Amino acid sequence: MTSGLRRRYLPILAGAGAIGWLLLWQAPELQAGSAAFVPGEEMPGGEATSRRSAKNANAFSHASGNAGFDREFDFKIGNGIFRKLWVSAPASTNSSDGLGPLYNARACQRCHLKDGRGHPPENLSDNAVSMLLRVGIPLSGDKPPVKPDPVYGGQIQDFAIQGHKPEARIELRYEEFAVELSGGETVMLRRPKIELADLAYGAMHPDVRLSARIANQMIGLGLLEAISAPDILANADPEDADGDGISGRPNMVMNLEAGMAEPGRFGWKAGQPTVRQQSAAAFSGDMGLSTSLITPGAGDCTEPQAACLQAKNGADPAEGNVEVPDEMLDLVAFYARNLAVPKRSDAQSDQVLAGKALFSSAGCAACHVPSFRTLDSRDVAPEQKGQTIWPYTDLLLHDMGDGLADGLPEGQALGREWRTAPLWGIGATEIVSGHTLFLHDGRARNLTEAILWHGGEAQAARDAFAAMTPKERADLIAFVSSL
Ligand code: HEC
Ligand code: HEC
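If you read the sequence shown in this note's numbering, its first letter stands for residue 2, the second for the next number, and so on.
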């Protein structure tokens, strides 16, 4: 944590001043372990927070609460593109063809189910829709650069259009082990082991590393994009100059449109700088569809996969010679930017406020930075502009230890580094997605397991959690669930 972070806390603390004094004035037992409620924190997306109910399966599917009527219309069209089922070329519906030849899913929505997060396959016969397997060969240890597998490319596509073979089947097996917590509680954690079955194009390179990732929840992305780069960098402390054990550094990645490196913000390793570029990467890698940003029509097919490269693609000269014209890419990016964060339903109960204090004192907030103010400039869209938001992330990379390491660098991120996951909306996961599987590969079966997997820079925070009394742990979980 740096002084930049502390500077950001000041206005928040100042805003809480009046309530802080009230608390001081109350009986001493009310002060212990309590943290003041900050007016506005129940609206994590500021004015862009959803105005609709957070208590049903559609909680993540609403437009920014401050979107005007015509903007809601664009949002609905974008939603249509997000759900659209693509087909192989050539097809009578020219504007929906070009899928594959290799792909992971036929629509964005197939992975980002209900605009929420994906999950790993439930058993060995289940397919891995809503989870991806990235592959690559680091050229030196677990550091960048990484080259793709010479045959399978940068990602395993476990589906293919007719006449082509899917690359492989992804199998996850788990090994369980016990972790002891204070108060005599024992928790079982499960460690995934990834295997590939039915490799259709021969052996993989022996040095290849595999990284399983479930689809992220889709809320609040435009707001994360509207945080200024200097505000992100203010929290970075790559050499841990302040000696608090927490460093944090940006994943500087290429913005293909701007032609320069910028802090990555999206994906589990912050590998993509903008929603538009992340969406173009999804069209290409996950569906084999070209855009003006990523032009090959056959997506992740490689030279040895000759039939795949030669297959007819859906590019249309009338639409800029790409399969997904800019207008469509823009609408889907607009949709993704404007999926609203739900309102917090319980931000002020005694238990939640007790948990909030523990979240700070255990050191969680050093990475899961509670609040930012988005840019208030002309180039930011009206919905996202000048909002006080509560995403609980610093968008920086942290070394999370060997337990979570995938050994596969991405951009500048090392094999042990991950982007601090935003925690807003996390309490609605169960109602939206029907499960509570957390972390990049969905290995954690609930919030407690997710916290216990924290290592590396987060080891001290994890140990503080394990050392809490069962009641304190329950309070902390109640707070995280309230976000
Ligand atoms: C095969 C499943 C799959 C499909 C299809 C898919 N995604 Fe994703 N999406 C993912 C996964 C997995 C991640 C995390 C990727 C990573 O960490 O590298 C992700 C991440 C994202 C993110 C970043 C979210 C965040 O919080 O950082 C956005 C935005 C996104 N996808 C948009 C799209 C769009 C738009 C489409 C359709 C064009 C799409 N996705 C299609 C699986 C999918
Ligand atoms: C050193 C930085 C750091 C600290 C400290 C930290 N976290 Fe995290 N947290 C992360 C990162 C990085 C991830 C993503 C890890 C992954 O997916 O492998 C994460 C993921 C999570 C998740 C899962 C989110 C999801 O979408 O799946 C939860 C819940 C969480 N943290 C809660 C906590 C709590 C509670 C604490 C304090 C006890 C804490 N974290 C401390 C960096 C940190």
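C-beta atoms are modelled at their ideal positions from N, C-alpha and C, and glycine is treated no differently. Computed from a prediction, not measured in an experiment: that's the story for all the values here.
At a threshold of 7 Å, LYS270 counts as near ligand 1, since its beta carbon sits closer than that to one of the ligand's heavy atoms. ALA406: not part of any beta strand (DSSP E); DSSP gives it neither H nor E. At a Cβ-Cβ threshold of 8 Å, SER93 and GLY101 do not count as neighbours. The straight-line gap separating the alpha-carbon atoms of ILE162 and ARG474 is approximately 49 Å. At the C-beta level, PHE373 and PRO343 stay beyond 8 Å of one another. When the Cα atoms are used, VAL188 and HIS455 turn out to be separated by approximately 14 Å. TRP419 sits away from GLY221, with the two beta carbons spaced by 8 Å or more. Positions of the alpha helix (DSSP H) runs, each at least 4 residues long and wholly inside the stretch 270-310, are given as 276-288 in order along the chain. Looking at the backbone, the Cα of SER346 and that of LYS313 are separated by about 51 Å. When the Cα atoms are used, MET261 and MET255 turn out to be separated by approximately 5 Å.
Of ILE478, ALA201 and ASP442, the smallest CA-CA separation from LEU359 is found for ILE478.
The distance from the Cβ of PRO139 to that of PRO410 is about 5 Å, consistent with a contact at the 8 Å cut-off. Here the alpha carbons of PRO305 and GLU458 stand approximately 41 Å from one another. Counting the other CB atoms within 10 Å of its CB gives PHE70 a total below 16, which places it among the exposed residues. Taking C-alpha positions only, PHE160 is separated from PRO167 by approximately 5 Å. Taking a 10 Å sphere around the C-beta of GLY184, we find fewer than 16 other C-beta atoms and assign the residue as exposed. Per DSSP, the continuous alpha helix (DSSP H) segment holding TYR336 begins and ends at 327-338. Of the candidates ALA64, LEU398 and GLN158, the residue whose Cα lies closest to the Cα of LEU200 is GLN158.
Rounded to the nearest whole angstrom, the CA to CA distance from ARG444 to PRO318 is 45 Å. Here GLU324 is near LEU290, since their CB atoms are less than 8 Å apart. Taking C-beta atoms as the reference points, ALA316 and GLY298 count as a pair closer than 8 Å.
In the three-state reduction of the DSSP assignment, THR389 falls in the strand class, which pools E and B. Fewer than three beta-carbon pairs drawn from the stretch 195-215 and the stretch 320-336 are found closer than 8 Å, and the two stretches are therefore not classed as touching. Excluding five sequence positions before and after ASP116, the CB atoms of its chain that fall closer than 6 Å to its own CB belong to PHE61, SER62, MET219 and LEU340, given in chain order.
With a cut-off of 7 Å, the C-beta of SER293 is classified as distant from ligand 1, since no heavy atom of the ligand falls inside that distance.
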